[in-house]
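To keep things clear, I will list the structure first and then write my remarks on it.
2 protein chains.
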Amino acid sequence: MPMDARKFRILQAIIDDYILTAIPVGSRTISKKYEMGLSSATIRNEMSDLEELGYLDQPHVSAGRIPSAKAYRLYVDQLLQSGILRSDDTASVKDHFGSRARQMEDVISRAAQVLSGMTNYTALVMSPKGRELHIRTLQLVPVSSTSALLVIVTDGGIMRDTVIRVGSDLDSDALYAISRMLTEKLSGRTLSEALKMLHGVQESSPRGKQVLDGVVGFLDSVEGDTAKTKLALGGTSNILNFPEYSDVEKAKGFLSVLETKDKLIQLLENQGEMAFTVRIGPETGIPELKDCSLVTATYHLSDNTHGTIGVIGPTRMQYGRVLSILNAMGQQLTDLLGQDKE
Amino acid sequence: MPMDARKFRILQAIIDDYILTAIPVGSRTISKKYEMGLSSATIRNEMSDLEELGYLDQPHVSAGRIPSAKAYRLYVDQLLQSGILRSDDTASVKDHFGSRARQMEDVISRAAQVLSGMTNYTALVMSPKGRELHIRTLQLVPVSSTSALLVIVTDGGIMRDTVIRVGSDLDSDALYAISRMLTEKLSGRTLSEALKMLHGVQESSPRGKQVLDGVVGFLDSVEGDTAKTKLALGGTSNILNFPEYSDVEKAKGFLSVLETKDKLIQLLENQGEMAFTVRIGPETGIPELKDCSLVTATYHLSDNTHGTIGVIGPTRMQYGRVLSILNAMGQQLTDLLGQDKE
DNA sequence: TGTTAGCACTCGGGTTAGGTGAGTGCTAAC
DNA sequence: GTTAGCACTCACCTAACCCGAGTGCTAACA
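Note that the protein sequences, when read in sequence, are chains A and B. The first sequence begins at 34 in our numbering and counts up by one. The second sequence begins at 34 in our numbering and counts up by one.
The structure is reproduced here in C-alpha cells:
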C-alpha cells in the first residue's frame with residue numbers, strides 16, 4: 034500500500050490540526066473542518082492505512098490519531114523542499130530588535146529574547162565560532178602589579194580575554210613591548226599553529242617564562258574550547274505554556290537539560306553548517322527532549338565564522354512559522370554582528 | 034494574651050515540622066513527635082492562641098496549622114540572634130568547588146551551581162559591584178582597521194570592555210600612545226570624575242574626537258550601570274522539587290521572574306551591605322514570589338567592592354542550613370576573587 | 001472498486017456518592 | 001492550668017456510573 038497524494042493531504046490536515054489544538058484528531062474533524070469531499074468513513078480507512086504506514090499513532094483505541102515523529106519528518110521535509118520561506122519576517126524581527134546593542138553578548142542575549150518572544154517557544158542563540166581562527170593582535174593590559182589581562186583578537190573580530198599572572202617588575206611599557214613582539218610572531222597564524230610555535234620557544238628569563246606560560250595556557254584552553262561557547266537562552270519557561278508539559282516531572286527534565294547547557298552546545302555544534310536543521314523528537318538524541326523538536330539555523334559572519342540560532346518546542350511545532358522567523362533572525366544577526374568586524 | 038516561652042517552643046516545633054514535611058501539622062503530631070510533656074488538647078489550646086496572634090494559619094477547619102510569614106520572621110530573627118552560624122560548611126563548600134576557575138565569570142556561575150547543589154534551592158550569585166570604582170588603567174587594543182577594544186581596569190580589579198570605532202589611520206602604536214595619555218589623565222579618578230573631566234575636553238582633530246566619544250559613551254553606560262551587573266543563576270528548576278510548586282501556573286510565574294533578571298537584580302541591589310538579609314514571602318515585594326523566601330549574604334572583595342549571593346526557595350526554607358552555607362560560600366568567594374585583585 | 005451509511009463496541013474523562021481519617025473546638029472533670 | 005472525651009467538619013480517596021467521541025467492520029451503493 035503506497036502513500037498517495039490523498040493520503041498525504043489527509044496527513045497534512047491531521048498534522049495542522051494537531052499542531053493547533055494538541056488534542057488527538059478524529060476522522061469526523063478532518064472530514065468536516067477541512068473540506069475534502071470525503072466522508073468520515075473514508076477518512077477512517079485512510080487513517081487506518083496511515084497508521085499502518087507508521088505516520089499516525091493512536092493514544093488509545095477510542096481516541097483520535099496523533100502524528101508520529103515520522104509524520105513530522107515528512108511534513109518538514111516537504112516544507113523545506115517547497116521553499117516556504119518566502120514569507121518574510123525580516124521587518125518584524127527588526128521591529129522587535131529595536132534598540133542598539135553593541136556588545137556581542139548583548140546582541141546574543143537580546144536575540145534569544147526576541148526569538149522566544151516571536152515564536153513562543155524556547156530560543157537558543159549560540160555565539161559565533163570560527164573553524165580556524167587566525168590571530169590578528171595579541172595584547173597585554175596591566176591589571177595590577179602582578180597580573181595582566183591578555184586580549185587576543187582574531188580575524189573573526191572575536192576577542193577572548195583572560196587574566197594571567199606576570200612578574201611584578203613588568204610595567205605598562207614592558208608589557209606593550211612584549212605584546213608587540215608576540216603579535217609580530219603570531220599574527221596571521223591559527224590558534225593551533227601559534228600554540229605549536231610557542232611550545233618550541235625556550236625562554237630563559239623567569240618573568241618571560243611566566244608570561245609565556247600564561248599565553249600558552251590560555252591558547253590551550255581556547256583551542257579545546259567547546260564548553261566556552263556562549264549560549265544564550267530565551268523563554269525557557271515558555272515550554273510550560275504547552276499542555277504536553279503540564280506534568281511537572283516532564284517540565285523538570287526539560288528545564289534541567291537547558292540548565293546544564295553542555296548537552297545543548299554539543300547538539301548545536303554537531304551539525305555542520307546546514308542552513309536549517311530540524312530534529313524531531315528522538316532525533317535530538319537527548320532522552321529528556323524526546324517529545325520536543327529542535328529547529329536550528331546558522332548565520333554567517335565571514336567565511337569561517339558562523340553561529341547557530343534555534344528554537345525548542347513540542348514536536349507539534351509550527352515549523353513553517355519557526356523556519357521563517359529563524360531565517361529572518363539569521364540575516365539580522367549577520368547584519369548586526371557583521372558590521373563590527375570589518 | 035502574651036507570647037510566652039512555651040508558646041514559642043510549640044511554634045518552633047510546628048515550623049520545624051512543616052519545613053520538613055510541607056503538610057499542615059496537627060496538635061497530636063506536636064504532642065507525640067516533639068516531647069513537650071503536654072497532651073494534644075493543651076497544644077490545641079496554645080495553637081488556637083498562636084493563630085489568634087497571627088503566627089499560624091489554618092488552610093481549612095479540619096486541617097492542621099501552617100506557619101504564617103510572621104512566624105517565619107520570628108523564627109529567623111531568633112536564628113540570627115542566637116548566632117547559629119557556628120556550624121561550619123566551609124570545608125564542604127571547598128570540596129564542591131574543586132577545580133580552579135580563573136575568570137570572574139566562571140567563578141560566579143560555578144558558585145551559583147555549587148550553591149544550588151548544596152541547598153537544593155535556586156541560587157543567585159551577583160558579581161561584585163563597586164560603589165566608587167577608581168580607574169587604574171585604560172587601554173585601547175586594535176581589533177580591526179576601524180575599531181578598537183576599550184579596556185578599563187579599576188581598583189576593584191574589575192575590567193569592563195567594549196568595542197568602539199576609531200579612525201582608520203590609527204595603528205597599534207598610535208592607540209597605545211592615546212591609551213597612555215588617557216591613563217595618565219584619568220588614573221586614580223572615579224568613573225564619574227573621569228566622565229566630567231572628559232566632557233570638559235575639547236578635541237579638535239576628528240579622529241581624536243571619535244575615540245573620545247567612544248570612551249565617554251562607554252563610561253556613561255558603565256556609570257548608570259545597574260542592568261549590567263552580572264547575575265548567575267543555579268538550579269532554577271529546583272523549585273519544581275517542592276510540592277508547593279507542583280502547580281504549573283505557579284511554577285511559570287516563578288520561572289518568569291528568574292528569566293527577566295531585572296527585578297532580581299534590583300531586589301539584590303536594594304539592600305545595603307547587610308551581612309545577611311532574609312525576605313519572607315510578601316517581603317520580597319514581588320507578587321510571583323509571595324510564597325518564596327529570599328535569603329542573601331554579601332561578600333567583600335575590598336573596602337568598596339562587594340557582591341551578593343542568595344538562595345530562593347519556598348517560605349518553609351531550611352533557614353539555618355541556608356544561612357550557614359551562604360556564610361561559607363561568601364568566604365570562599367572572597368578568597369577566590371580576592372586573590373586576583375591585588 | 002472505491003465510497004458511504006449504519007451500527008456495535010471501546011474506553012478515557014467527568015460526575016456523584018459514600019466512606020475514611022485527621023484534626024478541631026468545646027465541655028467537663030481532674 | 002491541664003487533660004480526656006466527644007461531636008463535628010471537611011479534604012481526600014475510591015468505586016460506580018454515565019457520556020460521548022471515536023473506531024472498526026459490514027453491507028449497500030455508484
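Just so it is clear, CB atoms sit at the ideal spot from N, CA and C, and this is done for glycine as well. In this text, all values refer to a predicted model and were calculated from it rather than measured experimentally.
When the alpha-carbon of Met-36(B) is set against those of Val-311(B), Leu-53(B), Leu-203(B), Leu-83(B), the nearest one is in Leu-83(B). Residue environment for Val-176(B): buried (at least 16 other C-beta atoms within 10 angstroms of its C-beta). The criterion of a C-beta distance shorter than 8 Å is not satisfied by Leu-327(A) and Thr-341(A).
A straight-line Cα-Cα distance of about 8 Å links Asp-280(A) and Ser-279(B). For the C-beta of Ser-279(B), the chain A residues within less than 7 Å are, from N- to C-terminus, Val-281.
Rounded to whole angstroms, the separation of the alpha carbons of Gln-351(A) and Met-350(B) is 41 Å. Around the CB of Met-151(B), 16 or more other CB atoms lie within 10 Å, so the residue is classed as buried. Between the stretch 96 to 111 of chain B and the stretch 225 to 233 of chain B, the count of Cβ pairs shorter than 8 Å is below three; the stretches do not touch. Membership of Ala-265(B) in the beta strand (DSSP E) is indicated by the continuous run 264 to 267. Out of Pro-315(B), Leu-264(B), Arg-198(B), Arg-213(B), the CA that lies nearest to the CA of Ser-160(B) is found in Leu-264(B). DSSP places Leu-203(B) in the coil class of the three-state scheme, outside both helix and strand. The way I'd put it, the stretch 241 to 252 of chain A doesn't touch the stretch 139 to 148 of chain A; fewer than three beta-carbon pairs between them come closer than 8 Å. Cβ atoms of Arg-198(A) and Ser-180(A) come within 8 Å of each other, at about 5 Å.
The beta-carbon distance between Asp-50(B) and Lys-66(B), rounded to whole angstroms, is 7 Å. This is short enough to meet the 8 Å contact definition. Going by C-alpha positions, Ser-149(B) is about 15 Å away from Thr-123(B). Per DSSP, the beta bridge partners of Met-159(A) are Leu-264(A), Thr-341(A). Boundaries of the alpha helix (DSSP H) harbouring Arg-77(A): 73 to 85, taken from the DSSP string.
Nearest neighbour of Thr-54(B) by Cα position, chosen from Ser-270(B), Ala-38(B), Asn-274(B), turns out to be Asn-274(B).
The bridge partners DSSP lists for Ile-141(A) come to none.
Taken atom to atom, the span from the alpha-carbon of Val-355(A) to that of Val-344(A) is near 8 Å. Selection Tyr-332(A), Ile-272(A), Met-214(A) evaluated against Pro-347(A) yields Ile-272(A) as nearest (Cα-Cα). Counted as a single uninterrupted DSSP element, the stretch harbouring Phe-275(B) is not any beta strand (DSSP E), since DSSP gives it neither H nor E. Residues of chain B with a Cβ closer than 9 Å to the Cβ of Tyr-51(A) do not exist; the shortest Cβ-Cβ separation is about 21 Å. Taking the CA atoms as reference points, Leu-369(B) sits about 45 Å from Arg-39(B).
In this structure, DSSP gives His-333(B) an extended state, which the three-state scheme calls strand.
With at least 16 other beta carbons inside 10 angstroms of its own, His-339(B) counts as buried. Listed as beta-bridge partners of Asp-90(B) by DSSP are Ile-99(B). With respect to chain B, the C-beta atom of Val-174(A) has a partner C-beta closer than 8 Å. Think of a sphere of 7 Å around the beta carbon of Tyr-209(B): the chain A residues whose beta carbon falls inside it are Tyr-209, in chain order. Counting along the chain, Ile-168(A) sits inside the beta strand (DSSP E) bounded by residues 168 to 175. Contact residues of the stretch 141 to 173 of chain A toward chain B are Thr-170, Gln-172 (C-beta to C-beta distance below 7 Å). Looking from the CA of Leu-266(A), the closest CA among Lys-285(A), Glu-282(A), Gln-172(A), Val-290(A) belongs to Val-290(A). Proximity of Lys-285(A) to chain B, defined by a Cβ-Cβ separation below 8 Å, is satisfied. Judged by DSSP in its simplified three-state form, Ala-210(B) adopts helix. If you ignore the 5 residues before and after Thr-62(B), its C-beta comes within less than 8 Å of the C-beta of Asp-50, Gly-97, all in its own chain and listed in chain order. When the Cα atoms are used, Pro-100(B) and Ile-47(A) turn out to be separated by approximately 51 Å.
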